[in-house]
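Colleague:
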Amino acid sequence: MVLDTNTRVVALVGGVGGAKLVYGLSTILQPDQLTVIGNVADDFELYGLHISPDLDTVMYTMAGLANPTTGWGIEGDTWHVLEMLQCYGEDAWFRLGDRDLGTHILRTQWLRQGHTLTVVTQRLISSLGVKSRLLPVTDDPLVTMIDTVEHGTLAFQDYFVRHRWQPTVKHVWFKHADQAHMTESVKTALHDADVILVCPSNPVLSIAPLLAVPGMREMIEKRRAVCVGVSPFVGGNAVKGPAAKLMQELGMAITPRGLIDFYAGGLDGLVIDVSDRDQPLHADVPVLVTRTLMQTSEDKVRLARELFKWVGSITT
Ligand code: GDP
Numbered sequence: 009m010v011l012d013t014n015t016r017v018v019a020l021v022g023g024v025g026g027a028k029l030v031y032g033l034s035t036i037l038q039p040d041q042l043t044v045i046g047n048v049a050d051d052f053e054l055y056g057l058h059i060s061p062d063l064d065t066v067m068y069t070m071a072g073l074a075n076p077t078t079g080w081g082i083e084g085d086t087w088h089v090l091e092m093l094q095c096y097g098e099d100a101w102f103r104l105g106d107r108d109l110g111t112h113i114l115r116t117q118w119l120r121q122g123h124t125l126t127v128v129t130q131r132l133i134s135s136l137g138v139k140s141r142l143l144p145v146t147d148d149p150l151v152t153m154i155d156t157v158e159h160g161t162l163a164f165q166d167y168f169v170r171h172r173w174q175p176t177v178k179h180v181w182f183k184h185a186d187q188a189h190m191t192e193s194v195k196t197a198l199h200d201a202d203v204i205l206v207c208p209s210n211p212v213l214s215i216a217p218l219l220a221v222p223g224m225r226e227m228i229e230k231r232r233a234v235c236v237g238v239s240p241f242v243g244g245n246a247v248k249g250p251a252a253k254l255m256q257e258l259g260m261a262i263t264p265r266g267l268i269d270f271y272a273g274g275l276d277g278l279v280i281d282v283s284d285r286d287q288p289l290h291a292d293v294p295v296l297v298t299r300t301l302m303q304t305s306e307d308k309v310r311l312a313r314e315l316f317k318w319v320g321s322i323t324t
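Residue numbers (the working numbering): 9 to 324.
(1) Please name the residue, chosen from K248, P264, V293, T191, that lies closest to V319 on a Cα-to-Cα basis.
(2) Mind checking Q256: buried by the 16 CB within 10 Å criterion, or exposed?
(3) Using 8 Å as the cut-off, can you tell me whether the stretch 155 to 167 makes contact with the stretch 127 to 147, which would need three or more C-beta pairs spanning the two stretches below that distance?
(4) Should K248 go down as buried or exposed, given a rule of 16 or more other Cβ atoms within 10 Å for buried?
(5) Given 7 Å as the limit, tell me if N75 has its C-beta closer than that to any heavy atom belonging to ligand 1.
(6) Report the option in Q303, T116, L136, V295 whose CA atom is closest to the CA atom of G26.
(7) In angstroms, rounded to a whole number, what distance separates the CA positions of I262 and D64?
(8) Could you check if V128 belongs to the surroundings of ligand 1, using beta carbon to heavy atom distance under 7 Å?
(9) Under a Cβ-count criterion, where at least 16 other Cβ atoms within 10 Å of its own Cβ denotes burial, should M70 be classed as buried or exposed?
(10) Under the rule that 16 or more other beta-carbon atoms within 10 Å means buried, what is W80, buried or exposed?
(11) Give me the Cβ distance between L258 and V151, rounded to the nearest whole Å; I'm assuming they're in contact under 8 Å.
(12) What do you reckon, are the CB atoms on L42 and V17 nearer than 8 Å?
(13) Just checking N210 against ligand 1 - is the residue's beta carbon closer than 7 Å to any of the ligand's heavy atoms?
(14) Does DSSP put K308 in a helix, in a strand, or in coil?
(15) Cutting at 6 Å between CB atoms, please list the residues of its own chain near A312, excluding the five before and the five after it.
(16) Evaluate C235 with the Cβ neighbour count: other Cβ atoms within 10 Å of its Cβ, from every protein chain shown; 16 or more gives buried, anything less gives exposed.
(17) Are the CB atoms of P264 and A251 nearer to each other than 8 Å?
(18) Ligand 1 and V18: does the residue's C-beta get closer than 7 Å to at least one heavy atom of that ligand?
(19) Would you say F102 and L142 are within 8 Å of each other, going by their C-beta atoms?
(20) Determine, using beta-carbon pairs with one atom in the stretch 180 to 195 and one in the stretch 211 to 224, whether at least three such pairs fall under 8 Å.
(21) Taking the alpha-carbon positions, what's the R310 to D276 distance?
(22) Among the candidates V282, L125, Q130, N75, whose CA atom is the shortest distance from the CA of T105?
(23) Ordered along the chain, which non-local residues of its own chain (more than five positions away) have a Cβ less than 6 Å from that of K183?
(24) Once you ignore the five residues that flank P175 on each side, which residues in its own chain have a CB closer than 6 Å to its CB?
(25) Give a yes or no on whether the C-beta atoms belonging to V21 and I59 are separated by under 8 Å.
(26) Could you pull out every residue in the same chain whose Cβ sits closer than 8 Å to the Cβ of T323, ignoring the five residues on either side in sequence?
(27) What's the C-alpha gap between L11 and K317?
(28) Is the beta carbon of T196 less than 8 Å from the beta carbon of V242?
(29) In this structure, does DSSP put T350 in helix, strand or coil?
(30) Is any heavy atom in ligand 3 found nearer than 7 Å to the beta carbon of G105?
(31) If contact is defined by three or more beta carbon pairs under 8 Å, each pair taking one atom from either stretch, is the stretch 267 to 281 in contact with the stretch 204 to 217?
(32) Let me confirm a value: V212 is counted as buried when at least 16 other C-beta atoms fall within 10 Å, else exposed. Which label applies?
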């Protein structure tokens, strides 16, 4: 496969992990070559505002605004609104910065005026100077639900933020998935893609909700594009967050082979970290072994370059 400035790349992404690679890709591709399909199953309402944590993480990262320490939120943001809420006795368990709130206020207003999340997200991201497209996988409700041993069924943010992903997970499911529709923009992007990239995001909490939208899995399986993934594991563990703990609780293997099995024949190749080179692989799925930990901008760009070069060598 020859990769050039006409190659169209679709990235399937969750939050912090995937956003870092998307940033790298956005620096080596022309804006119209890259379309990012983002997770909305973490979305929720707080103080009457529609919050889209994963879309915002990707948007702020692509715009160069993200807080480099947390990976989410806006660099240099302040917390005056949250402090005032706490004055009134609010628990304020979900951290919303002052500037970040501007995004949620406008998103909510535009949604209430009847615009779709797709249109709203495009308006927000292009106002921040990003020319590539960021598409919510669906404009319909889709909610990650977590069945836990200690607290019964929790909505995603209750599990992830309020309980700091400590409860033991029995099962993960996606409320309203049956009634959700892929948007036309998502269908077109997947149809036209030459490369589909499964970013190093949480497979169960970030990528699985995308695949739960009816038609997504089938479109990816029937693709003409090369589909490759980047492992979110380094040294047999998650870089951050609950991916490894949760997958172990669900009886899944935290290995390259476990990941390839999870994506059930969907991957034509997998990028893994050098520290995982001795972990079980799949004989028939090619692997690129490299450094996948993205701590600096240079790391992100280097990984994106290596990945893009390697994809060109994969035959399907
Ligand atoms: P979240 O929704 O903000 O938790 O973000 P994602 O689902 O996109 O990403 C979480 C996953 O990203 C975790 O499993 C991490 O192990 C992985 N991750 C984070 N940073 C890196 C990195 O620099 N390299 C790799 N390979 N994985 C990463």
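Backbone N, C-alpha and C fix where the C-beta goes; we use that ideal spot for every residue, glycine too. Owing to the predicted nature of the structure, the values given are computational and were not obtained by experimental measurement.
Modeller: On the basis of the supplied data:
(1) V293
(2) exposed
(3) no
(4) exposed
(5) no
(6) Q303
(7) 28 Å
(8) no
(9) buried
(10) buried
(11) Rounded, the Cβ-Cβ distance is 19 Å, inconsistent with contact.
(12) yes
(13) yes
(14) helix
(15) G32, L33, I36
(16) buried
(17) no
(18) no
(19) no
(20) yes
(21) 21 Å
(22) One point to set straight first is that residue 105 is Gly, not Thr, in the sequence displayed. Of the candidates V282, L125, Q130, N75, the one whose C-alpha sits nearest the C-alpha of G105 is N75.
(23) V151, M153
(24) T156, E158, H159
(25) no
(26) M9
(27) 8 Å
(28) no
(29) Absent from the structure is residue 350, since the part of the chain shown begins at 9 and ends at 324.
(30) Of the ligands one can find in the structure shown, namely ligand 1, none is ligand 3.
(31) yes
(32) buried
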